[in-house]
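Counting in this note's numbering, the sequence shown runs from 378 upward without gaps. Ideal Cβ positions, reconstructed from N, Cα and C, are used throughout, including at glycine. It should be emphasised that the depicted structure is a prediction, and the values quoted were computed from it without experimental measurement.
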Amino acid sequence: MTSPTPLPGPGPQELALDLAGRTALVTGAAGGIGRACALRLAAAG
């Protein structure tokens, strides 16, 4: 069953984390979601 309207929840901007001055360790960065996370973190500096 699918919902005709989107379910409420936080958008991408609300999920943004401020990692300034911190270290992030991404496991599984060879592909899939891990890779996407690693690339996004690298782009953010």
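Note that the C-beta distance between L418 and A401 is below 8 Å. Taking C-alpha positions only, V403 is separated from C414 by approximately 7 Å. In the three-state reduction of the DSSP assignment, A419 falls in the helix class.
Residue state for G409 is assigned as helix, using DSSP reduced to three classes.
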